[in-house]
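Chains as they are written, first to last, in the working numbering: chain Z, 1 to 491; chain H, 1 to 95. Glycine residues also receive a C-beta, built at the ideal position from the N, C-alpha and C atoms. Computed from a predicted structure; not experimentally measured. The structure appears right after this line, and notes come after that.
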């Protein structure tokens with residue numbers, strides 16, 4: 001029998017259905033794997049007892065002929081940004097010390113209602129602000145992929161723990177959240193599939209808020225099919241999130257076999273940027289050729305405002321963050337540093353509770369929203385955001401999906417770029433534009449760098465057209481035939 | 001835009017984050033660099049462009065104005081760093 005931790009979700013589902021192994025055995029194998037890769041620091045909280053209880057309940061359901069669906073009995077990891085009832089939820093921040101939510105996020109509730117088994121809560125950049133997992137109060141995560149120089153790489157961020165857990169075979173899948181690339185960039189850095197649905201597809205209720213107009217939960221898996229299976233169980237309208245889309249869910253997995261013959265693949269000119277390494281450009285060129293070979297047509301398109309997406313993001317996201325993070329006051333939950341007055345207590349609590357990057361963004365956000373600067377920064381950024389979204393709408397009049405690289409490089413060495421915030425921000429240069437327009441996008445592992453580290457290709461589809469996105473991604477996955485494995489796994 | 005330390009102190013105050021005196025210069029530098037970089041947006045012609053206020057192309061939903069949750073004081077207070085008699089506590093604000 002194949003090692004249980006080496007299965008895909010689809011294979012595990014079929015094995016459970018056939019009775020080849022039990023959910024308890026599957027959970028047990030993953031609990032051991034989680035322990036074996038503990039040095040990667042992918043998990044903040046492990047929940048092995050809860051996992052075994054949930055797995056036994058799944059086995060009982062299946063024995064009684066009442067399995068709940070594709071995710072029933074599947075062990076997964078949850079980014080520690082999702083509130084989980086009765087289980088510590090930290091957002092990677094000191095300021096949420098000891099916070100045990102009295103309620104469950106809608107996305108995790110949906111997954112649990114489908115029988116999914118939670119292995120634990122994964123590490124992340126503090127409040128999901130980062131591209132390296134270096135800003136976590138709980139320390140950096142080590143990428144399970146090793147380069148010849150022996151130096152530890154970052155797994156990307158902010159969903160770095162989730163990506164590392166999936167890559168290291170310590171979970172069959174994981175959930176992350178993506179604000180500017182926080183699912184897709186770590187997907188690319190760890191050789192896994194990272195999918196950001198259309199804004200509104202998955203409920204944000206119970207997800208610790210960073211930038212509310214951008215945040216979107218999504219699946220992180222080892223195959224495109226698994227991403228489709230997981231999204232099916234996560235997504236759907238939720239009355240508790242006023243930006244949740246009141247739309248029916250299509251059958252995502254059913255879209256995979258349709259192929260890309262005749263599909264029009266847009267190649268955005270503006271993503272050919274100075275300074276992009278040759279190996280990234282070459283992989284992109286290969287991707288274009290793969291699609292041609294599969295009968296798709298590739299078309300050059302223009303997204304003229306691409307270069308402004310990142311600076312726009314770094315006004316809009318910090319502005320929303322400064323507002324969302326105003327709730328951390330040392331009164332209702334988390335850390336409290338006593339002061340002589342209420343203001344004193346606020347200031348001392350927030351000074352100690354927030355790390356450098358969070359402080360930086362809250363202060364930028366406060367500044368761009370302050371009287372006298374609002375129009376010049378925030379209002380201007382909102383207008384440019386309209387133009388960015390319009391660029392995509394124009395392009396999608398001519399093409400079905402866009403193909404770009406996911407990241408401008410492979411995973412970098414832990415500690416790099418920490419003294420230069422803008423260099424760090426540039427990691428998300430290819431992922432942020434789709435976020436600004438609320439579009440669904442996916443990173444598919446497609447090749448290796450010359451150092452032997454994974455690289456991803458990135459597809460972007462029109463709003464609520466995840467079906468086309470999955471079709472193209474499945475074809476890309478098949479063409480790329482990415483079979484390399486990380487040096488370090490829990491097997 | 002280059003921020004001086006006085007502006008940094010004012011922002012820190014608005015954001016209710018205490019920034020020690022010896023950290024203000026460096027923070028002024030960092031924030032100035034980021035603001036200098038985002039200011040490239042000034043070159044984009046946005047005359048007559050409506051600001052995006054919602055990325056989701058939808059009308060805001062309404063719901064019945066009924067109580068759907070509540071009556072769970074103990075649960076809500078359970079995470080408070082300090083509580084007293086069913087209330088959150090704060091330093092004295094009224095003399």
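Looking at residue j and residue i, is the spacing between their C-beta atoms short of 7 Å?
i: residue 191 of chain Z; j: residue 454 of chain Z; result: yes
i: residue 351 of chain Z; j: residue 18 of chain H; result: yes
i: residue 79 of chain Z; j: residue 212 of chain Z; result: no
i: residue 383 of chain Z; j: residue 46 of chain H; result: yes
i: residue 310 of chain Z; j: residue 432 of chain Z; result: yes
i: residue 120 of chain Z; j: residue 177 of chain Z; result: no
i: residue 77 of chain Z; j: residue 174 of chain Z; result: yes
i: residue 15 of chain Z; j: residue 73 of chain Z; result: no
i: residue 460 of chain Z; j: residue 434 of chain Z; result: yes
i: residue 135 of chain Z; j: residue 355 of chain Z; result: yes
i: residue 217 of chain Z; j: residue 299 of chain Z; result: no
i: residue 209 of chain Z; j: residue 312 of chain Z; result: no
i: residue 406 of chain Z; j: residue 456 of chain Z; result: yes
i: residue 436 of chain Z; j: residue 233 of chain Z; result: no
Which chain Z residues sit within Cβ distance under 8 Å of residue i?
i: residue 96 of chain H; result: A query on residue 96 of chain H cannot be resolved here, the shown segment of chain H reaching from 1 to 95 and no further.
i: residue 30 of chain H; result: 360, 421
i: residue 18 of chain H; result: 347, 348, 350, 351
Could you work out which residues of chain H lie near residue i, taking near to mean beta carbons separated by less than 7 Å?
i: residue 339 of chain Z; result: 91
i: residue 164 of chain Z; result: Those within 7 Å of residue 164 of chain Z in chain H number zero; the least Cβ separation is about 28 Å.
i: residue 311 of chain Z; result: 37, 38, 40, 41
i: residue 385 of chain Z; result: 52
i: residue 438 of chain Z; result: 55, 56
Taking Cβ-Cβ distances shorter than 7 Å, what residues in chain Z pair up with residue i?
i: residue 95 of chain H; result: Result: empty, since nearest Cβ-Cβ is about 11 Å, beyond 7 Å.
i: residue 12 of chain H; result: 363
Evaluate residue i with the Cβ neighbour count: other Cβ atoms within 10 Å of its Cβ, from every protein chain shown; 16 or more gives buried, anything less gives exposed.
i: residue 39 of chain Z; result: exposed
i: residue 477 of chain Z; result: buried
i: residue 133 of chain Z; result: buried
i: residue 241 of chain Z; result: buried
i: residue 1 of chain Z; result: Caution applies to residue 1 of chain Z, whose pLDDT of 42 falls short of 50 and renders its modelled position unreliable; the value that the coordinates give is listed next. Its Cβ having fewer than 16 others within 10 Å, residue 1 of chain Z is exposed.
i: residue 30 of chain Z; result: buried
i: residue 93 of chain H; result: exposed
i: residue 60 of chain H; result: exposed
i: residue 50 of chain H; result: exposed
i: residue 68 of chain H; result: exposed
i: residue 421 of chain Z; result: buried
i: residue 394 of chain Z; result: exposed
i: residue 185 of chain Z; result: buried
i: residue 295 of chain Z; result: exposed
i: residue 84 of chain H; result: exposed
i: residue 492 of chain Z; result: The requested residue 492 of chain Z is not part of the displayed model; chain Z covers only 1 to 491.
i: residue 404 of chain Z; result: buried
i: residue 90 of chain Z; result: buried
i: residue 72 of chain H; result: exposed
i: residue 327 of chain Z; result: exposed
i: residue 13 of chain Z; result: buried
i: residue 289 of chain Z; result: exposed
i: residue 492 of chain Z; result: Missing from the structure shown is residue 492 of chain Z; chain Z here goes from 1 to 491 and no further.
i: residue 516 of chain Z; result: This structure cannot speak to residue 516 of chain Z, because chain Z is shown only from 1 to 491.
i: residue 2 of chain H; result: exposed
Run through chain H and tell me which residues come within less than 8 Å of residue i, C-beta to C-beta.
i: residue 314 of chain Z; result: 34, 37, 38
i: residue 504 of chain Z; result: Outside the displayed range of chain Z (1 to 491) lies residue 504 of chain Z, so it cannot be described from this structure.
i: residue 177 of chain Z; result: Correct list: empty, because the minimum Cβ distance to chain H is about 15 Å.
i: residue 389 of chain Z; result: 52, 55
Give the residues of chain H in contact with residue i, contact being defined as C-beta atoms less than 9 Å apart.
i: residue 246 of chain Z; result: 58, 61
i: residue 189 of chain Z; result: In chain order: nothing, as chain H lies at least about 24 Å away.
i: residue 303 of chain Z; result: The contacting residues do not exist; residue 303 of chain Z stays about 14 Å from chain H at best.
Secondary structure, alpha helix (DSSP H): runs of 4+ residues fully inside the region 10-80 of chain Z: 23-36, 48-63
Entirely enclosed alpha helix (DSSP H) segments - the region 78-152 of chain Z, minimum 4 residues: 106-113
At a CB distance below 8 Å, what residues from the region 68-83 of chain H approach chain Z? Give them in sequence order. 72, 75, 76, 78, 79, 80, 81, 82
Interfacial residues, the region 196-223 of chain Z to chain H, with Cβ spacing under 7 Å: 199, 200, 213
Output the residue ranges of the alpha helix (DSSP H) runs that lie fully inside the region 408-458 of chain Z and measure 4 residues or longer, sorted by chain position. 421-425, 432-436
Only counting runs of 4 or more residues, tell me where the alpha helix (DSSP H) segments fall wholly within the region 345-419 of chain Z, in order along the chain. 356-368, 380-395
Identify each residue in the region 364-375 of chain Z for which the Cβ-Cβ distance to at least one residue of chain H is less than 7 Å, and report them in chain order. 364, 366, 367, 370
Please identify, using Cβ separations under 8 Å, the residues of the region 42-53 of chain H that lie next to chain Z, in order along the chain. 42, 44, 46, 49, 50, 51, 52, 53
Restricting to runs no shorter than 3 residues, where is the beta strand (DSSP E) found entirely within the region 261-347 of chain Z? 264-268, 297-301
Any residues in the region 112-138 of chain Z with a beta carbon nearer than 9 Å to a beta carbon of chain H? Which ones, in chain order? none
Ordered list of beta strand (DSSP E) runs contained in the region 179-259 of chain Z, each at least 3 residues: 193-196, 216-221
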